[in-house]
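Chemist:
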Ligand code: HEM
Ligand code: SF4
Ligand code: SF4
Ligand code: SF4
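Chains as they are written, first to last, in our numbering: chain W, 41 to 115; chain Y, 884 to 1197.
1. Going by beta carbon distance, what residues of the same chain come within less than 6 Å of residue 884 of chain Y, once the five residues before and after it are set aside?
2. So is the beta-carbon of residue 1051 of chain Y under 7 Å away from any non-hydrogen atom of ligand 3?
3. Against residue 1096 of chain Y, what residues of chain W qualify as contacts under a CB-to-CB distance less than 7 Å, listed in chain order?
4. Identify whether residue 926 of chain Y lies in helix, strand or coil by the three-state DSSP scheme.
5. Anything in chain W within Cβ reach of residue 1060 of chain Y, meaning under 8 Å, just list it in chain order.
6. Spell out the partners DSSP gives residue 73 of chain W in its beta bridges.
7. In angstroms, rounded to a whole number, what distance separates the CA positions of residue 1182 of chain Y and residue 1166 of chain Y?
8. Which residue or residues does DSSP assign as beta-bridge partners of residue 1107 of chain Y?
9. Quick one: what's got a C-beta closer than 7 Å to residue 1185 of chain Y's C-beta in the same chain, skipping five residues either side?
10. Tell me the DSSP bridge mates of residue 1024 of chain Y?
11. Roughly how many angstroms separate the alpha carbons of residue 1096 of chain Y and residue 1057 of chain Y, rounded to a whole number?
12. In this structure, how does DSSP classify residue 1100 of chain Y when only helix, strand and coil are distinguished?
13. Going straight from the alpha carbon of residue 44 of chain W to that of residue 1086 of chain Y, what length do you get?
14. With a threshold of 16 other CB atoms inside 10 Å of the CB of residue 88 of chain W, please say whether the residue is buried or exposed.
15. Report whether the distance from the Cβ of residue 1080 of chain Y to the nearest heavy atom of ligand 3 is below 7 Å.
16. Below 8 Å, how does it come out for the region 977-997 of chain Y and the region 1031-1041 of chain Y: are there three or more Cβ pairs, yes or no?
17. Within the continuous alpha helix (DSSP H) that includes residue 86 of chain W, where are the two ends?
18. Reducing DSSP to helix, strand and coil, say where residue 1181 of chain Y ends up.
19. Can you give me the Cβ contacts of residue 1019 of chain Y inside the same chain, cut-off strictly under 7 Å, excluding the 5 residues immediately before and after it?
20. For the candidate residues Y:986, Y:1117, Y:903, whose alpha-carbon lies nearest to that of residue 951 of chain Y?
21. What is the C-beta distance between residue 1146 of chain Y and residue 1160 of chain Y, in whole angstroms, given that I count them as a contact (C-beta under 8 Å)?
22. Just the chain W side, please: which residues come within less than 8 Å of residue 1101 of chain Y by C-beta, in chain order?
23. Can you tell me which of Y:941, Y:906, Y:1072, Y:1064 puts its alpha carbon nearest to the alpha carbon of residue 78 of chain W?
24. Exposed or buried, which one is residue 982 of chain Y when buried takes at least 16 other CB atoms within 10 Å?
25. For residue 914 of chain Y, list the residues DSSP reports as bridge partners.
26. How many Å lie between residue 1108 of chain Y and residue 1121 of chain Y at the Cα?
27. What residue does the alpha helix (DSSP H) around residue 1161 of chain Y start on, and which one ends it?
28. Are residue 1128 of chain Y and residue 1106 of chain Y closer than 8 Å when you measure CB to CB?
29. Let me know the secondary structure DSSP gives residue 1006 of chain Y once reduced to three states.
30. Can you give the Cα-Cα distance for residue 1196 of chain Y and residue 1162 of chain Y, rounded to whole angstroms?
31. Applying a beta-carbon distance threshold of less than 8 Å, which residues of chain W neighbour residue 1093 of chain Y?
32. Can you check which of these residues, W:73, W:52, W:59, W:60, is closest to residue 46 of chain W by C-alpha distance?
33. Is there at least one non-hydrogen atom of ligand 2 closer than 7 Å to the beta-carbon of residue 989 of chain Y?
34. Consider the C-beta atom of residue 1026 of chain Y and the heavy atoms of ligand 2; say whether any pair is separated by less than 7 Å.
35. Would DSSP call residue 1082 of chain Y helix, strand or coil?
36. Excluding the five sequence neighbours on either side, which residues of its own chain have a C-beta within less than 7 Å of the C-beta of residue 1088 of chain Y, listed in chain order?
Have a look at this one:
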């Protein structure tokens, strides 16, 4: 599974990094994205959803980060 | 004194207000209307040209979003009005009238906005700007959401964008973000790991709708929360709640109904702001008046506009 680690990256750099990383992937690829708690987890998932990707999961990990799972979807 | 030396001035321009006497001899400030704070770039360029030609070394951006041309000689009034193109550049008003409405950016490009405040401000400006109240100034403001950057409740009528959220439980993936984001804690995660809403605690901010990654929360109802009776100045009042979820298309009609009551009740009281009239007449009487036209929106009870003690004078 592809994964993008955005821990320690603040808004809106994390979102732009996620966009750039997603650009290199095939449509339909499932990706895991690691996000910090707080503003990042409130902003990045909804911005990626607004870009058209399909969000399939969002869970807090044991160490307090968030694991976002999405399927890349290009309009 | 010879008549011919007098500059020929169209004094009807002055009556509309917006021409403000400055300290210096013969000099005036001209306050231009910028409803909602939105200014097209061609208009901005034109204003810059006029300021450069007739004004001082700067313009001033007023607290209520107007552009003020500084150091205009009164002999140039007609030339300035002409150069601005009077039709789309009506100057701002002073005195006992409905003032230019202020607004934040609203929902068009601003991520927090829940309603189109710019559209509302423009509509109020077109339909109601300059309406004489018979008593005192009348200020209107629009905020796009309950963050309320424009401080809507410090206006005679303040509108604040609001949405009522509704949950599609089946779509929810139990991430817990909505509960985490809800500042007044109107949402808690239930035993089934799905959110539970306590409607009475909700402030209609829409954060749950915005944060939900799978759109399990959506908008059930949308409109303006309306607070009335606010003002600032020497004796500040904060306006209180009179209506909820007022549809955007009924804003002007609402203000007209408020104005009708203000005109009638302030009769013979002189220069009194709406908030002081509500305190005098009682907020229940005002609610009853509003309820006739807006039965679905007017709240069942409220409190009078709230006095803010400034701690100086007596
Ligand atoms: C010819 C009429 C008037 C002129 C030229 C004038 C001038 C001004 C100016 C330059 C401001 C600052 C505006 C801004 O920064 O947005 C202001 C605001 C204000 N004016 Fe006037 N004014 C006029 C009438 C009045 C009257 C009749 C009153 C009350 C007796 C009044 C009370 C106030 C107050 C309390 C503010 C504070 C701002 C606010 O209400 O939000 N003004 N006025
Ligand atoms: S009031 Fe809300 S919509 Fe308006 S600028 Fe503030 S946060 Fe944005
Ligand atoms: S609208 Fe705002 S206050 Fe109401 S439940 Fe959603 S997040 Fe909480
Ligand atoms: S944010 Fe959406 S998916 Fe997450 S718990 Fe709330 S309703 Fe469910």
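Ideal Cβ placement from N, Cα and C applies to all residues, glycine included.
These figures come from a predicted structure and were not determined experimentally.
Modeler: Reading from the atomic positions:
1. Working through the second chain from its first residue, we reach residue 884 of chain Y at position 1. For residue 884 of chain Y, the predicted model reports a pLDDT of 39, less than 50, meaning its position is unreliable and no value from the coordinates is stated.
2. For this step, residue 1051 of chain Y is matched to residue 168 along the second chain. Not so, every heavy atom of ligand 3 lies at least 7 Å from the Cβ.
3. Counting from 1 along the second chain, the entry for residue 1096 of chain Y is found at position 213. What residue 1096 of chain Y touches in chain W: 85, 86, 89, 95, 98.
4. Your numbering for residue 926 of chain Y matches position 43 in the second chain. Judged by DSSP in its simplified three-state form, residue 926 of chain Y adopts helix.
5. Counted from its first residue, the second chain places residue 1060 of chain Y at position 177. Residues of chain W with a Cβ closer than 8 Å to the Cβ of residue 1060 of chain Y are, in chain order, 81, 82, 85, 98.
6. Sequence index remark: in the first chain, residue 73 of chain W carries index 33 (1-based). DSSP lists W:44, W:108 as the bridge partner or partners of residue 73 of chain W.
7. As a working note, residue 1182 of chain Y is residue 299 in the second chain. As a working note, residue 1166 of chain Y is residue 283 in the second chain. Taking the straight line from one Cα to the other gives about 11 Å.
8. Here the question's residue 1107 of chain Y lines up with position 224 in the second chain. Note: residue 1107 of chain Y sits in a beta bridge opposite Y:1044, Y:1129.
9. Looking up residue 1185 of chain Y in the second chain gives position 302. So the qualifying residues of the chain are 1123, 1124, 1125, 1166, 1170.
10. Translated into positions along the second chain, residue 1024 of chain Y becomes position 141. Y:985, Y:1041, per the DSSP bridge assignment.
11. Residue numbering aside, residue 1096 of chain Y sits at position 213 when the second chain is read from its first letter. Residue numbering aside, residue 1057 of chain Y sits at position 174 when the second chain is read from its first letter. Using only the alpha carbons, I get a separation of about 10 Å.
12. The residue labelled residue 1100 of chain Y in the question sits at position 217 within the second chain. Of the three classes helix, strand and coil, the one that applies to residue 1100 of chain Y here is strand, per DSSP.
13. As a first step, residue 44 of chain W is located in the first chain; it is residue number 4 there, counting from the start. As a first step, residue 1086 of chain Y is located in the second chain; it is residue number 203 there, counting from the start. Between the alpha carbons of residue 44 of chain W and residue 1086 of chain Y lies a gap of roughly 36 Å.
14. Within the first chain, residue 88 of chain W is the residue found at index 48, counting from 1. Classification of residue 88 of chain W: buried, given that the 10 Å Cβ count is 16 or more.
15. The residue you call residue 1080 of chain Y lines up with position 197 of the second chain. Residue 1080 of chain Y: yes, Cβ under 7 Å from ligand 3.
16. Inter-segment contact for the region 977-997 of chain Y and the region 1031-1041 of chain Y is present: three or more beta-carbon pairs are separated by less than 8 Å.
17. As a first step, residue 86 of chain W must be located in the first chain, where it is residue number 46. Note, residue 86 of chain W: alpha helix (DSSP H), 79-90.
18. As a first step, residue 1181 of chain Y is located in the second chain; it is residue number 298 there, counting from the start. In this structure, residue 1181 of chain Y counts as strand in the three-state DSSP scheme.
19. One-based indexing of the second chain puts residue 1019 of chain Y at position 136. For residue 1019 of chain Y, the CB contacts under 7 Å within the same chain, skipping 5 residues up- and downstream, are 979, 1154, 1155, 1156 in chain order.
20. What you label residue 951 of chain Y is simply residue 68 of the second chain in a count that begins at 1. With distances taken between Cα atoms, residue 951 of chain Y lies closest to Y:903.
21. Reading the second chain from its first residue, position 263 is the one you call residue 1146 of chain Y. Reading the second chain from its first residue, position 277 is the one you call residue 1160 of chain Y. Incorrect: roughly 10 Å between the Cβ atoms, too far for contact.
22. In the second chain, counting from the first residue as 1, residue 1101 of chain Y sits at position 218. The contacting residues do not exist; residue 1101 of chain Y stays about 13 Å from chain W at best.
23. In the first chain, residue 78 of chain W corresponds to position 38, counting from 1. Answer by Cα proximity: Y:1064.
24. Within the second chain, the letter at position 99 stands for residue 982 of chain Y. The residue in question, residue 982 of chain Y, is buried, as its Cβ has 16 or more Cβ neighbours within 10 Å.
25. Reading the second chain from its first residue, position 31 is the one you call residue 914 of chain Y. In DSSP, residue 914 of chain Y forms a bridge with Y:951.
26. As a position in the second chain, residue 1108 of chain Y is number 225, starting the count at 1. As a position in the second chain, residue 1121 of chain Y is number 238, starting the count at 1. The alpha-carbon atoms of residue 1108 of chain Y and residue 1121 of chain Y are separated by roughly 14 Å.
27. Taking the second chain and counting its residues from 1, the one referred to as residue 1161 of chain Y is at position 278. Note, residue 1161 of chain Y: alpha helix (DSSP H), 1157-1164.
28. Taking the second chain and counting its residues from 1, the one referred to as residue 1128 of chain Y is at position 245. Taking the second chain and counting its residues from 1, the one referred to as residue 1106 of chain Y is at position 223. Yes, they are a contact pair.
29. Working through the second chain from its first residue, we reach residue 1006 of chain Y at position 123. Note: residue 1006 of chain Y maps to helix in three-state DSSP.
30. Working through the second chain from its first residue, we reach residue 1196 of chain Y at position 313. Working through the second chain from its first residue, we reach residue 1162 of chain Y at position 279. One C-alpha to the other measures close to 21 Å.
31. Walking along the second chain from the start, residue 1093 of chain Y turns up at place 210. Within chain W, the C-beta atoms nearer than 8 Å to that of residue 1093 of chain Y come from 86, in chain order.
32. Your numbering for residue 46 of chain W matches position 6 in the first chain. Answer by Cα proximity: W:73.
33. Within the second chain, numbered from 1, the residue matching residue 989 of chain Y stands at position 106. The answer is yes for residue 989 of chain Y.
34. Position 143 of the second chain, counted from the first residue, corresponds to residue 1026 of chain Y. Indeed, a heavy atom of ligand 2 lies less than 7 Å from the Cβ.
35. As a position in the second chain, residue 1082 of chain Y is number 199, starting the count at 1. It is helical.
36. Stepping through the second chain from its first residue, residue 1088 of chain Y is reached at position 205. Taken in chain order, the residues that qualify are 1028, 1029.
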